[in-house]
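Some notes on the structure that comes next.
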Amino acid sequence: MLICLDIGCGFNKIELVSHRVIGLDNRPETKCDIVCDVTNLPFKRESVDAIYSSHCLEHFKALDIQSILYKWTKVVRKNGDIYIKVPDIKFACRNILNDIYTLDEFSILYGKQDYPSNFHKTGFTVKLLESWIKEFAVGKCYSNGREVIFEGIRR
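Using this note's numbering, the first residue of the sequence shown is number 1, and each one after it goes up by one.
See below:
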């Protein structure tokens, strides 16, 4: 069976028919499969078929993002699937410039802050995520209006 890592799964580990999903998170209370530092995955190079990460990468410093993406993508076999979702900072900025400032915009900029590590350290645009991941993966980076999404494969 194919293996997909759900990096930073929290309480919402994805379910896939096509893959065995292994949920990784740094918080044991999430009931993830493996509690670990998600910046240093406990997997060998090219040992999994896919990685999925939704709303995890923004919790790290901008200076560390490219290194984290390298570490994440190196565990994926060549041509393996990579799917990453992060909040779209342009969505929040557009709304704030139009005097719309709700909890949604606050959460995109700063995180929900409902537990100690739920603070955002990096904001993403399509061009920014593209620039950081292009060295390790090829694919499509786009915004759905609220999120920046990368769908691609490992180089």
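Every residue, glycine too, gets a C-beta built ideally from N, C-alpha and C.
{"Asked": "Would you mind reading off the limits of the alpha helix (DSSP H) that contains E105?", "Found": "103–110"}
{"Asked": "So is P28 buried or exposed if we call it buried at 16+ other beta carbons inside 10 Å?", "Found": "exposed"}
{"Asked": "Mind checking R20: buried by the 16 CB within 10 Å criterion, or exposed?", "Found": "exposed"}
{"Asked": "Please state the DSSP three-state secondary structure of F91.", "Found": "helix"}
{"Asked": "By how many angstroms is the C-alpha of G123 removed from the C-alpha of L103?", "Found": "16 Å"}
{"Asked": "Could you round the C-beta distance between V86 and I51 to whole angstroms and report it? I think they count as a contact, below 8 Å.", "Found": "About 14 Å; that fails the 8 Å criterion."}
{"Asked": "By alpha-carbon positions, which one of Y142, Q113, S53 ends up nearest to T73?", "Found": "S53"}
{"Asked": "Candidates Y83, E46, R45, V38: which alpha carbon is nearest D64's?", "Found": "V38"}
{"Asked": "Who does R154 pair with in a DSSP beta bridge?", "Found": "A137"}
{"Asked": "Under the rule that 16 or more other beta-carbon atoms within 10 Å means buried, what is F11, buried or exposed?", "Found": "exposed"}
{"Asked": "So the candidates are G145, N79, D33, I22; which of them puts its Cα closest to the Cα of N95?", "Found": "G145"}
{"Asked": "If you draw a straight line from the alpha carbon of C4 to that of C93, how long is it in whole angstroms?", "Found": "33 Å"}
{"Asked": "Once DSSP output is grouped into helix, strand and coil, what is the label at L69?", "Found": "helix"}
{"Asked": "Taking only three categories from DSSP, how would you classify S143?", "Found": "strand"}
{"Asked": "Using beta-carbon positions only, say whether Y148 and D88 come within less than 7 Å of one another.", "Found": "In the sequence as presented, Tyr is not what sits at residue 148; that position holds Val. Yes. Within cutoff."}
{"Asked": "Per the DSSP calculation, V148 is bridged to which residue(s)?", "Found": "V86, S143"}
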